[in-house]
Structure formats: C-alpha cells, structure tokens
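Everything in the sequence shown is counted per our numbering, starting at 1004 for the first residue and increasing by one.
Notes to accompany the following structure.
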Amino acid sequence: MKYLLNIPDNRRKFILFLGDILAIVIMGLATLSLFDFLKSNQIFSDILKRPLNLYTVSPFPIIYLIMLYAFGMYETKEKRGKLQLVISLFSVASLSFFIMLALAKILRMNKTSILYLLVFFVFSVIILYLWRQIFINAFLTSDYFKKRLFFIGSDTLTQQILSEITSSDYEVVGIMGREGSDIGTYEKGLKIVSTGKNLGHLIQSKNIKTLVLSLDIQLPLPIIKKIYEYRFKGIDVFRSDHFYEIANRKFAIEQYLKNGNIPFLGIETFISPVFKNIKKLIDFLGALISIIILSPIFIITSLLIKLTSKGPVFYLQERIGFQEKPFKFIKFRTMIYGAEKHSGPQWASENDNRVTLMGKLLRKTNLDELPQLINILKGELSFVGPRPIRKHFVDIIEQEMPFYSLRFSIKPGLTGWAQVNYGYGGSIEGHIEKFKYDLYYFRHASLFLDLFIILKTLQKIVCRPSY
C-alpha cells in the first residue's frame, strides 16, 4: 500500500477521494441545517412533521462513492469539459438517488428521508463540481505530485519503463553511467549525468525522489552505502523489475524471456485457508444471489436470442481451467450458429463479422457473460481470476511464452486484472501482454484487490463497454 500511494497518479486519486468524502460530510450537514431551519417555518413544518431517521439514509454516501467510481470520476488523466463534468455528476447523483428510492421500503424510509435525499442530491452536484474545479486547478495541472526519477545503470526493462511511464507522473533526470563514461553523452536514450562520484550531491541538487537500479549492474561499496544512506532519508529505491511492476501494475517478464528462465511466483495468498474459504463462500453466495436477482434478464435475453437468430440460446465451449483441467464454458450465444465450422478457432476481436445484431448488444453491455454465473456456482470459475482460454490458443501462446501455463495455477475468473487493464488479447502479443497482468494478480492477490477489480469492471461496463 505504501508503494502504491507513492505513485503520483494514485496520490492524486487518493486526495480526490478524500475531498469527495469531506464534500459528502459537508453536504450532509448543510442539508440537516436546512431542514432544521425549514421546520421552524409554518409552510414546511407540516411537510417535515415526521422525524428524519439518519439510519435509513446511511447507505447513500457509500452508494454515491461507488457510483462516482463506476462513472470514472477518479480517472484523473481523463480530461472532461465543464459541461461533461456537470452531466457526469448529475448522472451519478440521479442514479444514486434512484437506487436509494428502490431500497426505500427495505430501509423503511419516510417522506422526510426521501426529501432529505433529494435536497442532498441537489447540493451534491454543485459542491462536487466546485471541489473538482479546485482540484483541477490546484493539483491536476501542477507539478506538485511529479517525481524526479534517476536510473542507476540500464537493462532490458529500461526502455519499457521509459515508454510506459507518463510525463505527468515522472520527470527523468538521467542515468548513472559506468566509471569512465563521459558526462553529457547518452546511453540507451538517457543522458549520463553522473558516474557515481557525485551521486549524493546530484540527488540533493536535482531533488531526485526515486532511484531505479538496473538488474545486472555491479556497484562498488561506496555507492551502495550512499544509496542506503538516501534510502533511510526517504528516497524510494527500486530494482527495475519492481519499479516496472508497481508503476505499470503488471509483472515484468522481459528479463526471464531474455535469459530463458522461469519466474517463481509466490502464491501464498491462494494457499491460505482463510483466503480460499472466504473466496469460495463469496463465489457461491454471490453467484446464487445474482442468478436469483437477474433471472428476469436471463429469461428476456434468452427469448430475444431465440427470436432474432437460429440456433441454441447458450454457447458451450471447452476452456482450460484450474490446473489445466478442461470444463464447459457457458455464454449467451452472440455469433451466428456454427460460426467456427469453416473458419476454425479465431482470436476474439472488437469488430468480429461473425457476431449477430443481438450479439453486438450483448457484448457491448457484457450481458453475454451472465451465464458464467452457473460456472461459478459449479466451482469451475471464480468471480475474479485470469480469464479461461481455449487449449488451441494455449498451445500457440506457449510457443512464444514457455511458462504461460503458470496462469493455470489458480482458478480462472469471470473478470480479472488483465480484463480491466487491457481487454481483448486479439493476438499472441496481446495475450502475452495480458499475461503480465495475470502474473501481477498472482503476486498481489487479496480480497481488497478482488473488490477493486469488481468495481473496475463495473466502471468499464458503465463508461467504456468492451465488445
């Protein structure tokens, strides 16, 4: 968590989130004050004669924050115009209000409580808009969060890091060259600004906050001691693979491919009986409750598929699951019946001409994935994990990625870290890129990360639907 908060964009999001919580508290108190004032007025006293029970409206802030996240309101790198910002906030507030309205009977809300929420909703759009304008001007457009980055040596990952980190998050000062290198010359696109002798002075004068050490660099003892000295003073020091992982949230596999090695992944979280049992319980109860609640959607979707195209409602396909065991993967059929009869297996893509009109709608809204709740109920899938893949494609990918079968060390999922960060693979290269995210999930798995992935999936469905 400490390292995640050291990433500039994460710190911006955290401040935005804390500001939202403060704004919600201010809105709640302002609405209460308004109600107290109105009660003293004869005109409103009859309307507000029933007491306001704060317990009945207590879920509203939580629902509100979830909706803000789902609508991408914490994507600080995504630029919104003022009108678009107002529309987004209005949509969030409206949806949150209607969700609470739907829960009115369960929460036993009276008319005063509903009116409180309505007034709260009006305040929210205004105050959250003002807070975001302050945030944009004070934090988003300034260099307050930018970190100055210095490379000590270079390796396979150096160019990867340079190409993937954003200029709004990091400013690259340069590189420490080998002893005897000429200051001012370039090594792998990075300017040599030190050979190690003046490292301490450089860190102070350039206000360097992060040091990235090459994996294969051999450093003399005085420089190692100097790095430790500044590490204790609060400077972040990372190996290049570790920095790549936390900055990009995916596992660095380049050096393993280069050296022909196989990474050993610590999957202690998945071995833990507590984690396994809680995850199983969440999967079973979550799938069962979801199927019951969503049963009307199941029925309507099934009828529409039957009426709009020939063939079965469900599409069963063999996929590879936990420990490489095959299972029947269930989806609503989105392609013309017998689509692969002549073409054979093909990579999934956004613009697939085999997809039916109804299938396009199902893919756009992700409703085609709903029957996989049955797979979760049967224990073949989890809510969160690497997406299951067909044996045909596993064999192809393993020719390029010899240790690709590591992804079968845990149960596959309905959604996963690769899905929320990358989407469709569409090619060998795409699936290898997704594999980096899968390996990151293996190393950092937790119930908190699972929840984050589920919320991120909701955000993708609401804001940027995958096809």
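We put the beta carbon where it would ideally sit given N, CA and C, even for glycine.
Computed from a prediction, not measured in an experiment: that's the story for all the values here.
Three-way DSSP call (helix, strand, coil) for residue i in this model
{"i": "V1316", "result": "coil"}
{"i": "G1099", "result": "Per the sequence presented here, residue 1099 reads as Ser, with Gly not at that position. Reduced to three states, the DSSP call for S1099 is helix."}
{"i": "S1469", "result": "Low per-residue confidence applies at S1469: pLDDT is 40, beneath 50, and the placement is therefore not dependable, though the value from the model is reported in the following sentence. Looking at S1469 - three-state DSSP - the assignment turns out to be coil, as it is neither helix nor strand."}
{"i": "I1178", "result": "strand"}
{"i": "M1070", "result": "helix"}
{"i": "F1335", "result": "strand"}
{"i": "T1159", "result": "coil"}
{"i": "Y1077", "result": "coil"}
{"i": "T1198", "result": "coil"}
{"i": "T1368", "result": "helix"}
{"i": "K1459", "result": "helix"}
{"i": "M1004", "result": "Here the model assigns M1004 a pLDDT of 49, short of 50, so the residue's position is not dependable and the matter cannot be decided."}
{"i": "Q1087", "result": "helix"}
{"i": "S1116", "result": "helix"}
{"i": "F1273", "result": "helix"}
{"i": "M1404", "result": "coil"}
{"i": "I1295", "result": "helix"}
{"i": "P1374", "result": "coil"}
{"i": "D960", "result": "Examination of residue 960 is not possible in this model, given that the chain is present from 1004 through 1470 alone."}
Supposed contact pair residue j and residue i - C-beta distance, whole angstroms, cut 8 Å
{"i": "D1371", "j": "F1396", "result": "Their Cβ separation, rounded to whole angstroms, is 19 Å, which puts D1371 and F1396 out of contact at 8 Å."}
{"i": "I1238", "j": "I1285", "result": "Not quite, the Cβ-Cβ distance comes to about 40 Å (not below 8 Å), so this is no contact."}
{"i": "S1116", "j": "T1059", "result": "5 Å"}
{"i": "I1178", "j": "K1194", "result": "7 Å"}
{"i": "G1269", "j": "S1217", "result": "The Cβ separation is near 23 Å, so there is no contact."}
{"i": "T1368", "j": "Q1422", "result": "Incorrect: roughly 15 Å between the Cβ atoms, too far for contact."}
{"i": "K1363", "j": "Y1340", "result": "With 8 Å as the limit, K1363 and Y1340 do not qualify as a contact, their Cβ atoms being about 16 Å apart."}
{"i": "G1022", "j": "F1138", "result": "6 Å"}
{"i": "L1068", "j": "Y1132", "result": "L1068 to Y1132, Cβ: 16 Å. No contact."}
{"i": "R1015", "j": "T1079", "result": "5 Å"}
{"i": "G1419", "j": "D1398", "result": "That pair is no contact at about 21 Å."}
{"i": "L1202", "j": "K1236", "result": "Between K1236 and L1202 the Cβ distance is about 13 Å, and since that is not below 8 Å, they are no contact."}
With 16 other Cβ atoms within 10 Å as the buried cut-off, status of residue i
{"i": "K1463", "result": "buried"}
{"i": "I1543", "result": "Because the chain here runs from 1004 to 1470, residue 1543 falls outside it and cannot be looked at."}
{"i": "I1265", "result": "exposed"}
{"i": "E1327", "result": "exposed"}
{"i": "L960", "result": "There is no way to answer for residue 960, as the model of the chain reaches only from 1004 to 1470."}
{"i": "T1169", "result": "exposed"}
{"i": "M1004", "result": "Any reading at M1004 needs caution, since the residue's pLDDT is 49, under 50, leaving its predicted position unreliable; the model's value is listed next. The residue in question, M1004, is exposed, as its Cβ has fewer than 16 Cβ neighbours within 10 Å."}
{"i": "E998", "result": "A query on residue 998 cannot be resolved here, the shown segment of the chain reaching from 1004 to 1470 and no further."}
{"i": "A1141", "result": "exposed"}
{"i": "D1219", "result": "exposed"}
{"i": "D1453", "result": "buried"}
{"i": "L1118", "result": "buried"}
{"i": "K1082", "result": "exposed"}
{"i": "Q1402", "result": "exposed"}
{"i": "Q1375", "result": "buried"}
{"i": "N1378", "result": "buried"}
{"i": "S1091", "result": "buried"}
{"i": "S1275", "result": "exposed"}
{"i": "Y1147", "result": "exposed"}
{"i": "Y1318", "result": "buried"}
{"i": "T1478", "result": "There is no way to answer for residue 1478, as the model of the chain reaches only from 1004 to 1470."}
{"i": "L1120", "result": "buried"}
{"i": "D1267", "result": "A small correction: the amino acid at residue 1267 is Phe; Asp does not occupy that position in the sequence shown. F1267 is exposed by the Cβ-count criterion."}
In DSSP terms, what residue i is bridged to
{"i": "R1242", "result": "L1216"}
{"i": "R1410", "result": "DSSP, once it has assigned bridges, lists no residue as partnering R1410."}
{"i": "P1329", "result": "I1323"}
{"i": "Y1416", "result": "Reading the sequence as shown, one finds Gly at residue 1416 and not Tyr. Looking at the DSSP assignment, G1416 forms a beta bridge with S1385."}
{"i": "E1190", "result": "L1193"}
{"i": "L1152", "result": "V1175 and T1213"}
{"i": "I1392", "result": "I1323"}
{"i": "V1358", "result": "M1338"}
Proximity below 8 Å, CB of residue i to CB of residue j
{"i": "T1159", "j": "Q1258", "result": "yes"}
{"i": "F1445", "j": "I1413", "result": "yes"}
{"i": "S1243", "j": "V1215", "result": "yes"}
{"i": "P1405", "j": "D1172", "result": "no"}
{"i": "Y1425", "j": "E1248", "result": "no"}
{"i": "V1387", "j": "I1456", "result": "yes"}
{"i": "T1337", "j": "V1358", "result": "yes"}
{"i": "F995", "j": "V1122", "result": "Past the boundaries of the shown model lies residue 995; the chain is included only from 1004 to 1470, so the question cannot be answered."}
{"i": "E1303", "j": "M1361", "result": "Correcting the residue identity first, residue 1303 is Ile in this sequence and not Glu. The answer is no: Cβ separation not under 8 Å."}
{"i": "T1311", "j": "S1449", "result": "no"}
{"i": "G1429", "j": "P1389", "result": "no"}
{"i": "L1071", "j": "Y1077", "result": "yes"}
{"i": "F1254", "j": "F1325", "result": "no"}
{"i": "I1227", "j": "G1199", "result": "no"}
{"i": "W1134", "j": "A1026", "result": "yes"}
{"i": "S1385", "j": "K1261", "result": "no"}
{"i": "T1213", "j": "F1126", "result": "no"}
{"i": "Q1320", "j": "F1332", "result": "yes"}
{"i": "I1431", "j": "I1392", "result": "no"}
{"i": "K948", "j": "P1329", "result": "Residue numbering for the chain in the displayed model covers 1004 to 1470; residue 948 lies beyond these limits and cannot be assessed."}
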